[in-house]
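In this text, residue positions in the sequence shown follow full-length UniProt numbering: the first is 1, and each later residue adds one.
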Amino acid sequence: MPESNGKPVEAGNTINICFHGIGEPRRELEPGEERYWIQRDQFHAMLDELAAWPSVRVSFDDGNLSDVRIGLPGLTARGLSAEFFVLAGRLGTAGSLDEDDVRELQGHGMTIGTHGMHHRSWRGMDKQTTYEEFVAARDRLVEVIQQDIATAACPLGQYDRRALGELRRLGYSAVFTSDRRPARREAWLQPRFSVRRDDTPASLRETVRASHGWPVRIRTEVVGLAKRWR
């Protein structure tokens with residue numbers, strides 16, 4: 001379990017851990033995306049670690065095919081659940097989930113959220129782009145699972161004040177970021193720690209532990225505040 005100065009994680013906090021791709025990519029990766037692809041054995045070691053944490057939420061971004069082929073079996077084998085943030089515009093394309101895959105995740109008790117339409121930054125969007133990312137993408141996923149989509153995750157970890165305001169106006173119940181700090185369990189904005197290719201269970205545990213120290217807390221809070229007020 002992550003600790004801060006020898007003390008357990010603060011009451012009311014939760015740790016959000018985010019995975020992206022697992023194993024061999026089945027599509028061409030975007031520049032820099034390879035940092036967030038991990039090996040199958042590495043993923044299983046991470047899940048074994050997380051299964052021992054008392055206050056953790058797991059999520060997956062991008063809607064990669066590995067979500068259902070590797071992620072889902074790993075979760076169910078350990079009695080874990082997760083939230084899968086799916087890119088509506090990639091449904092059915094090479095290396096990505098298709099409609100049946102998304103329904104399979106849902107059928108195993110996993111939550112489906114939106115990651116937008118086209119994996120673009122949610123910073124500085126015009127009106128049409130905002131509609132595509134926040135409304136059309138959600139509608140497409142609702143059509144697939146026949147259930148409301150209440151949560152969203154920001155692609156590339158990028159957002160601004162206008163994007164957050166629009167997400168609130170549209171009734172999203174929670175928005176997940178990549179701001180690498182603990183989250184208040186009931187907060188609307190949910191920062192996450194993304195697992196990277198060089199991470200181990202020990203390094204992830206240390207990253208989370210260090211995030212409770214004041215130097216890191218101040219730095220991550222300032223970064224988050226700057227994003228929210230752009």
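Backbone N, C-alpha and C fix where the C-beta goes; we use that ideal spot for every residue, glycine too. Owing to the predicted nature of the structure, the values given are computational and were not obtained by experimental measurement.
N- and C-terminal bounds of the beta strand (DSSP E) containing phenylalanine 134
In this chain, phenylalanine 134 is not harboured by any beta strand (DSSP E), its DSSP state being neither H nor E.
How far does the alpha helix (DSSP H) with aspartate 61 in it reach, from first residue to last?
That residue, aspartate 61, is in no alpha helix (DSSP H); its beta strand (DSSP E) goes 56-61.
Using a Cβ-Cβ cutoff of less than 6 angstroms, which residues in the same chain neighbour arginine 217 once the five nearest sequence positions on both sides are dropped?
Legend: pLDDT at arginine 217 = 49, less than 50; position of this residue unreliable, no value from coordinates given.
Determine the DSSP secondary structure at serine 121, reduced to helix, strand or coil.
Looking at serine 121 - three-state DSSP - the assignment turns out to be coil, as it is neither helix nor strand.
Cutting at 6 angstroms between CB atoms, please list the residues of its own chain near phenylalanine 19, excluding the five before and the five after it.
The beta carbon of phenylalanine 19 sits closer than 6 angstroms to the beta carbons of Phe60 and Val195 from its chain, once the five residues preceding and following it are set aside; these are given in chain order.
With a Cβ-Cβ cutoff of 8 angstroms, do valine 58 and alanine 82 count as a contact?
Contact: yes.
Beta-carbon proximity check, threonine 129 vs valine 86, cutoff 8 angstroms:
Inclusion of threonine 129 and valine 86 in the CB contact set at 8 angstroms is not warranted, their separation being larger than that value.
Keeping to the same chain, check which residues put their C-beta closer than 6 angstroms to that of asparagine 16; ignore five residues upstream and five downstream.
Taken in chain order, the residues that qualify are Arg57, Ala183, Gln190 and Arg192.
Would glycine 116 pass as a contact of arginine 27 if the rule is Cβ separation under 8 angstroms?
No, the Cβ-Cβ distance between glycine 116 and arginine 27 is not below 8 angstroms.
Under 8 angstroms between the Cβ atoms of tryptophan 122 and alanine 163?
Yes; because the gap between Cβ atoms is below 8 angstroms, this pair is in contact.
Assigned exposure category for aspartate 62 - 16 Cβ within 10 Å defines buried
With 16 or more Cβ atoms within 10 Å of its Cβ, aspartate 62 is classed as buried.
To the nearest angstrom, report how far apart glutamate 33 and glutamine 147 are at their CA atoms.
Taken atom to atom, the span from the alpha-carbon of glutamate 33 to that of glutamine 147 is near 30 angstroms.
Threonine 177 burial status per 10 Å Cβ neighbour count (16 or more: buried):
Flag for threonine 177 reads buried.
Please return the same chain residues whose Cβ sits closer than 6 angstroms to the Cβ of alanine 137, not counting the five positions on each side in sequence.
So the qualifying residues of the chain are Ala88, Thr114, Gly116 and Met117.
Given a cut-off of 8 angstroms, decide if leucine 91 and glycine 74 are closer than it, judged by their beta-carbon atoms.
The answer is no: Cβ separation not under 8 angstroms.
Thinking C-alpha only, which one of Asp98, Arg205, Leu29 and Asp126 is nearest arginine 180?
When only C-alpha atoms are compared, the closest one is Arg205.
Threshold first: 4 residues or longer. Then list the alpha helix (DSSP H) segments lying entirely within the segment 146-216, N to C.
As far as the segment 146-216 is concerned, its whole alpha helix (DSSP H) runs of at least 4 residues are 161-169 and 201-210.
According to DSSP, what are the bridge partners of isoleucine 38?
Beta-bridge pairing links isoleucine 38 to Ile22.
8 angstroms Cβ cutoff met for threonine 14 and serine 55:
Between threonine 14 and serine 55, the CB-CB gap stays under 8 angstroms.
Can you give me the C-alpha to C-alpha distance between valine 144 and glutamate 49, rounded to a whole angstrom?
Distance between the alpha carbons of valine 144 and glutamate 49: 33 angstroms.
Start and end residues, alpha helix (DSSP H) containing glutamate 99
It spans 99-107 - the alpha helix (DSSP H) in which glutamate 99 sits, taken as one unbroken run.
Rounded to whole angstroms, what is the Cα-Cα separation between alanine 45 and glutamate 104?
Answer to the nearest angstrom: the Cα atoms are 24 angstroms apart.
Quick check on DSSP: helix, strand or coil for glycine 12?
Correct three-state label for glycine 12: coil.
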